[in-house]
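Q: Dropping the structure in here first, questions after.
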Amino acid sequence: MAAIQTLGELRRSGYRSRPVKQEIRDNLVCKLRAGEALFPGIIGYDETVIPQLVNAVLSRHNFILLGLRGQAKSRILRGLADLLDDRIPVVPGCEIHDDPTAPLCAACRARVAREADDLPVAWLTRDARYVEKLATPDVTIADMVGDIDPIKAAQAGLNLSDELTMHYGLLPRANRGIFAINELPDLAGKIQVGLFNILQEGDVQIKGYPIRLRLDVLLVFTANPEDYTARGKIITPLKDRIGSEIRTHYPVTRHNALAITRQEAWTERSGSLQVEIPPYVREVVEEVAFQARADRKIDKRSGVSQRLPITTLELVVSNAERRALAGGEAIAVPRVTDLYAALPSITGKFELEYEGELRGAEQVARDLIRSAVGTVFTGVFDGVDTRTVVEWFDLGGTLPLGDTTPADDLIAKTKGVQGLRELADGAGLPPGAPAPLVAAAIDFVLEGLYAQKKISRSEERGYSAAESAQRRPARREEQALDEEIRIPGSKKKYYN
Ligand SMILES: [Zn+2]
Numbered sequence: 003m004a005a006i007q008t009l010g011e012l013r014r015s016g017y018r019s020r021p022v023k024q025e026i027r028d029n030l031v032c033k034l035r036a037g038e039a040l041f042p043g044i045i046g047y048d049e050t051v052i053p054q055l056v057n058a059v060l061s062r063h064n065f066i067l068l069g070l071r072g073q074a075k076s077r078i079l080r081g082l083a084d085l086l087d088d089r090i091p092v093v094p095g096c097e098i099h100d101d102p103t104a105p106l107c108a109a110c111r112a113r114v115a116r117e118a119d120d121l122p123v124a125w126l127t128r129d130a131r132y133v134e135k136l137a138t139p140d141v142t143i144a145d146m147v148g149d150i151d152p153i154k155a156a157q158a159g160l161n162l163s164d165e166l167t168m169h170y171g172l173l174p175r176a177n178r179g180i181f182a183i184n185e186l187p188d189l190a191g192k193i194q195v196g197l198f199n200i201l202q203e204g205d206v207q208i209k210g211y212p213i214r215l216r217l218d219v220l221l222v223f224t225a226n227p228e229d230y231t232a233r234g235k236i237i238t239p240l241k242d243r244i245g246s247e248i249r250t251h252y253p254v255t256r257h258n259a260l261a262i263t264r265q266e267a268w269t270e271r272s273g274s275l276q277v278e279i280p281p282y283v284r285e286v287v288e289e290v291a292f293q294a295r296a297d298r299k300i301d302k303r304s305g306v307s308q309r310l311p312i313t314t315l316e317l318v319v320s321n322a323e324r325r326a327l328a329g330g331e332a333i334a335v336p337r338v339t340d341l342y343a344a345l346p347s348i349t350g351k352f353e354l355e356y357e358g359e360l361r362g363a364e365q366v367a368r369d370l371i372r373s374a375v376g377t378v379f380t381g382v383f384d385g386v387d388t389r390t391v392v393e394w395f396d397l398g399g400t401l402p403l404g405d406t407t408p409a410d411d412l413i414a415k416t417k418g419v420q421g422l423r424e425l426a427d428g429a430g431l432p433p434g435a436p437a438p439l440v441a442a443a444i445d446f447v448l449e450g451l452y453a454q455k456k457i458s459r460s461e462e463r464g465y466s467a468a469e470s471a472q473r474r475p476a477r478r479e480e481q482a483l484d485e486e487i488r489i490p491g492s493k494k495k496y497y498n
C-alpha cells in the first residue's frame with residue numbers, strides 16, 4: 003500500500019477508507035481474534051477497565067475515563083493509537099489530513115477536481131494521528147476548533163465566511179484520528195458546546211460565521227471525579243454524547259502495584275555503579291502508598307497517585323548511590339532508612355485532611371514510612387524471636403547510625419549486637435552476600451524493631467532502648483532524651 007503514490011493507483015488498488023471508529027474497531031477485532039495482548043504496559047486492569055474499554059471501542063463510542071490522579075488514564079488513551087492502521091493515505095499538505103478519495107476541505111476538493119488521478123498521495127503514520135490536549139480554563143474556541151484569519155481572507159480576496167480563510171485548531175487537525183482531552187471539566191462551558199456541535203452537527207460557529215466541518219474523530223476524555231463537583235462540570239448535552247464512562251482505580255493488589263513501580267521507576271542506571279534493590283525495600287516503598295490511600299489524615303477524594311511509589315523508589319536508589327559513591331563502594335544497595343531521604347517525593351503527592359494539617363505533611367509522611375516498615379517487617383519476620391537483639395538495647399546499648407554510614411562501618415558497629423546478624427539473614431540474604439546487601443538487611447531489622455516500638459531511634463543517638471510504655475509512648479524521641487538527661491540514673495525498663 004505504501005508504494006502507492008497517486009490517487010489513480012490508490013483507486014485501482016481497491017482502497018476504501020473507513021471512519022476512524024470503524025478502523026479502530028476492525029483492528030481491535032483482529033487483535034481479539036488473534037488473542038493478542040491489549041494495552042501493553044497497563045497492569046492490573048485486565049478484569050476491570052480493559053473489558054469496558056474493549057466494549058466501548060467495539061461499540062464505536064466516544065468515551066471518558068474517570069479516575070483519580072496517577073491511574074494511568076492518559077497512558078491508556080495513548081495506547082489507543084496502537085489500534086490505528088499503520089498508515090493511511092492523505093492529500094499531501096492538507097492540514098486536516100484529508101482523505102484523497104473523499105476530501106473535506108475546499109482546497110483539497112479543488113485539487114482533486116483539477117489533478118484527478120494524478121493527484122499525489124502521502125501516507126500518514128499512526129503516531130501523527132493522535133492529538134492530546136490538557137484542558138485548562140483559558141483554552142479558547144480558537145485553540146480547539148480554529149479561527150478566521152482575516153489576513154488570509156484579504157490576500158485571497160475571499161469572504162470571511164469562506165472556509166478557506168480558516169486557521170484550524172487542534173480538533174480539525176486531529177481529523178481521521180484520535181483527539182484526547184485530559185481533565186475535560188476544566189474546559190469552559192462554551193468550548194464544550196463547540197465540541198458538542200461538532201460531534202452532533204458537524205458544524206461550528208466562529209466569530210458568528212457558521213463553518214461546516216464534518217470531521218471524523220474518535221473523541222476520548224479523562225476527568226477526575228472530584229472535579230465534576232469541585233472545579234467545573236461537563237455540560238449535559240456533551241455528557242450525553244459520550245457513549246461510555248469508564249472508571250479507573252489504583253492497583254488492587256500489592257503484586258500489581260510492585261509490577262507497575264518496577265516498570266515505571268528509573269532504577270536501571272548507567273554508570274560504573276551496580277544497583278541492587280532488596281525486595282523488602284520495594285515492598286516498603288509500595289506499602290507507603292497503600293497506607294497513604296487508607297490514612298484518614300489524607301484526603302481520599304484527591305487520591306494518592308501511583309507516581310508516589312515510583313518517584314520514592316527513584317530517590318531511594320539515588321540516596322543509596324550517593325552513599326556508595328561517598329564510601330567508594332562498587333554496589334549501591336538501598337536501605338529502608340533511605341525512604342526518609344525520599345520525603346520530598348512523598349509529601350507533595352497527597353492533600354491533607356484537617357487532622358493531617360495539624361500534624362504537618364512531613365510528620366504524616368514519616369509516620370507512613372514507619373508504619374509501612376512495620377507491616378513489611380511483620381510479614382517477613384512473622385513469629386521470629388527478636389528478644390536477644392532488643393535486650394542488647396535494653397541493657398543500654400546504642401547504635402549511632404545514619405543513612406550515610408558505609409556498609410562496612412555499619413556491619414562493624416553492629417557486630418557486638420547478639421542475634422542481629424542472624425535476624426538479618428532471615429531477610430533473605432544469599433550466602434556470601436556483599437557488604438552493602440548485609441548492611442541493608444541489618445538496617446531493615448533495626449527499622450523494623452523501631453517500627454514495632456521495641457527499640458527507639460533519634461537523630462542524636464541513633465538506635466537505643468525503647469521508651470517504656472509508662473513514660474508517654476507518644477512523645478517524640480528528642481523530648482525523651484532531654485528528660486533522661488535531666489533525670490540522671492533513671493533505669494531503662496524492659497519492653498516486652
Ligand atoms: Zn484538505
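One gets my numbering by counting positions in the sequence shown from 1 and adding 2 to each. Backbone N, C-alpha and C fix where the C-beta goes; we use that ideal spot for every residue, glycine too. Please read these numbers as outputs of a predicted model, since none were measured by experiment.
Return the chain-ordered ranges of every beta strand (DSSP E) run that is complete within the segment 203-254 and spans a minimum of 3 residues.
A: As far as the segment 203-254 is concerned, its whole beta strand (DSSP E) runs of at least 3 residues are 205-208, 211-214, 219-225 and 246-249.
Q: From Gly-421 to Phe-383, what distance separates their C-alpha atoms?
A: Here residue 421 refers to the residue found at position 419 when the sequence shown is read from its first residue. Here residue 383 refers to the residue found at position 381 when the sequence shown is read from its first residue. Distance between the alpha carbons of Gly-421 and Phe-383: 14 Å.
Q: Going by DSSP, name the residue or residues bridged to Asn-184.
A: Stepping through the sequence shown from its first residue, residue 184 is reached at position 182. In the DSSP output, where bridge partners are listed per residue, Asn-184 has Leu-136.
Q: Between the alpha carbons of Gly-330 and Thr-142, how many angstroms are there, rounded?
A: Numbered from 1 along the sequence shown, position 328 holds the residue referred to as residue 330. Numbered from 1 along the sequence shown, position 140 holds the residue referred to as residue 142. About 56 Å.
Q: Along the beta strand (DSSP E) that carries Gly-376, what are the first and last residues, could you check?
A: Here the question's residue 376 lines up with position 374 in the sequence shown. Where Gly-376 is concerned, there is no enclosing beta strand (DSSP E), although the alpha helix (DSSP H) it sits in stretches over 363-382.
Q: Closer than 6 Å to a non-hydrogen atom of ligand 1 - does that hold for the CB of Pro-91?
A: The sequence position of residue 91 within the sequence shown is 89, counting from 1. Pro-91 Cβ: outside cutoff for every heavy atom of ligand 1.
Q: According to DSSP, simplified to helix, strand and coil, what is His-99?
A: Within the sequence shown, numbered from 1, the residue matching residue 99 stands at position 97. The answer is coil: DSSP assigns His-99 none of H, G, I, E or B.
Q: Would you tell me roughly how many angstroms separate the C-alpha atoms of Glu-393 and Glu-424, rounded to the nearest one?
A: Taking the sequence shown and counting its residues from 1, one reaches residue 393 at position 391. Taking the sequence shown and counting its residues from 1, one reaches residue 424 at position 422. Each residue's Cα considered, the two are about 15 Å apart.
Q: Quick one: is the Cβ of Cys-107 within less than 6 Å of any heavy atom of ligand 1?
A: Here residue 107 corresponds to residue number 105 of the sequence shown, with the count starting at 1. Yes, the Cβ of Cys-107 comes within 6 Å of a heavy atom of ligand 1.
Q: CA-CA distance, Arg-264 and Ile-45?
A: Your numbering for residue 264 matches position 262 in the sequence shown. Your numbering for residue 45 matches position 43 in the sequence shown. If you take the alpha carbons of Arg-264 and Ile-45, they lie about 11 Å apart.
Q: Consider the C-beta atom of Asp-100 and the heavy atoms of ligand 1; say whether any pair is separated by less than 6 Å.
A: As a working note, residue 100 is residue 98 in the sequence shown. Within the cutoff, so yes.
Q: By the DSSP assignment, the alpha helix (DSSP H) with Gly-10 in it spans what residues?
A: Taking the sequence shown and counting its residues from 1, one reaches residue 10 at position 8. Its alpha helix (DSSP H) spans residues 9-14.
Q: Report the CB separation of Pro-174 from Val-147 in whole angstroms; it is logged as a contact under 8 Å.
A: Here residue 174 is taken as the residue at index 172 of the sequence shown, counted from 1. Here residue 147 is taken as the residue at index 145 of the sequence shown, counted from 1. Going by Cβ atoms, the distance from Pro-174 to Val-147 rounds to 7 Å, so yes, they are a contact pair.
Q: State yes or no: is the C-beta of Cys-32 nearer than 6 Å to some heavy atom of ligand 1?
A: To locate residue 32, count along the sequence shown from 1; it is residue 30. The answer is no for Cys-32.
Q: Which residue marks the beginning of the alpha helix (DSSP H) containing Ala-190, and which one marks its end?
A: Sequence index remark: in the sequence shown, residue 190 carries index 188 (1-based). Counting along the chain, Ala-190 falls outside any alpha helix (DSSP H), and DSSP gives it neither H nor E.
Q: Reducing DSSP to helix, strand and coil, say where Leu-121 ends up.
A: Numbered from its first residue, the sequence shown carries residue 121 at position 119. Looking at Leu-121 - three-state DSSP - the assignment turns out to be coil, as it is neither helix nor strand.
Q: Can you give the beta carbon distance from Val-222 to Phe-65, rounded, assuming they're within the 8 Å contact cut?
A: As a first step, residue 222 must be located in the sequence shown, where it is residue number 220. As a first step, residue 65 must be located in the sequence shown, where it is residue number 63. Going by Cβ atoms, the distance from Val-222 to Phe-65 rounds to 6 Å, so yes, they are a contact pair.
Q: Return the CA-CA distance between Leu-70 and Glu-228, expressed in angstroms with no decimal places.
A: As a first step, residue 70 is located in the sequence shown; it is residue number 68 there, counting from the start. As a first step, residue 228 is located in the sequence shown; it is residue number 226 there, counting from the start. The straight-line gap from Cα to Cα measures roughly 8 Å.
Q: Can you list the alpha helix (DSSP H) stretches of 4 or more residues lying completely in the segment 321-363, in chain order?
A: The segment 321-363 contains these whole alpha helix (DSSP H) runs: 345-349 and 356-361.
Q: Helix, strand or coil for Ile-279, going by three-state DSSP, please let me know.
A: Residue mapping note: residue 279 aligns to position 277 of the sequence shown, counting from 1. Three-state DSSP puts Ile-279 in coil, outside helix and strand.
Q: Pick helix, strand or coil for Gln-472, following the three-state DSSP scheme.
A: Locating residue 472 in the sequence shown gives position 470, counting from the first residue. Low confidence applies to Gln-472: its pLDDT is 33, below 50, so where it sits in the model is not reliable enough to give any reading.
Q: Across the segment 283-299 and the segment 107-118, are there enough close Cβ pairs to call them in contact, namely three or more that are closer than 8 Å?
A: Touching, no, given that fewer than three Cβ pairs across the two stretches are closer than 8 Å.
Q: Is it buried or exposed, Val-366, if we count other Cβ atoms within 10 angstroms and call 16 or more buried?
A: As a first step, residue 366 must be located in the sequence shown, where it is residue number 364. Buried.
Q: So for Thr-407, helix, strand or coil by DSSP?
A: Start at 1 with the first residue of the sequence shown, and residue 407 comes out as number 405. Coil, per DSSP.
Q: Exposed or buried, what is Pro-438 when buried is set at 16 or more other beta-carbons lying within 10 Å of its beta-carbon?
A: For the purposes of this step, residue 438 is identified with residue 436 of the sequence shown, where counting begins at 1. Pro-438 is buried by the Cβ-count criterion.
Q: Can Leu-275 be considered in contact with ligand 3, in the sense that its beta carbon sits closer than 6 Å to one or more heavy atoms?
A: This structure does not include ligand 3; its bound ligands are ligand 1.
Q: So what's Thr-390 in DSSP terms, helix, strand or just coil?
A: By 1-based counting over the sequence shown, the position of residue 390 is 388. In this structure, Thr-390 counts as helix in the three-state DSSP scheme.
Q: Span of the alpha helix (DSSP H) holding Arg-178?
A: On the sequence shown, position 176 is the one that residue 178 refers to. From DSSP, Arg-178 is part of no alpha helix (DSSP H); its letter is neither H nor E.
Q: If distances are taken between C-alpha atoms only, which option among Gly-196, Leu-220, Arg-27 and Thr-255 comes closest to Gly-210?
A: As a first step, residue 210 is located in the sequence shown; it is residue number 208 there, counting from the start. Checking every option, the nearest Cα to that of Gly-210 belongs to Gly-196.
Q: Count the other CB atoms, across all protein chains shown, that sit within 10 Å of the CB of Lys-417; report buried if there are 16 or more and exposed otherwise.
A: Working through the sequence shown from its first residue, we reach residue 417 at position 415. Classification for Lys-417: exposed.
Q: Along the chain, where does the beta strand (DSSP E) containing Arg-459 start, and where does it finish?
A: For the purposes of this step, residue 459 is taken as residue 457 along the sequence shown, with counting starting at 1. Run containing Arg-459: 457-460, per the beta strand (DSSP E) assignment.
Q: Starting from the Cα of Gln-308, find the closest Cα among Pro-253, Gly-350 and Leu-360 and give me that residue.
A: Sequence index remark: in the sequence shown, residue 308 carries index 306 (1-based). Closest by alpha carbon: Pro-253.
Q: Does DSSP put Val-195 in a helix, a strand or coil?
A: Here residue 195 is taken as the residue at index 193 of the sequence shown, counted from 1. The answer is helix: DSSP assigns Val-195 an H, G or I state.
Q: Below 8 Å, can you find three or more Cβ-Cβ pairs linking the segment 74-89 to the segment 267-274?
A: Flag = no, the segment 74-89 and the segment 267-274 do not touch.
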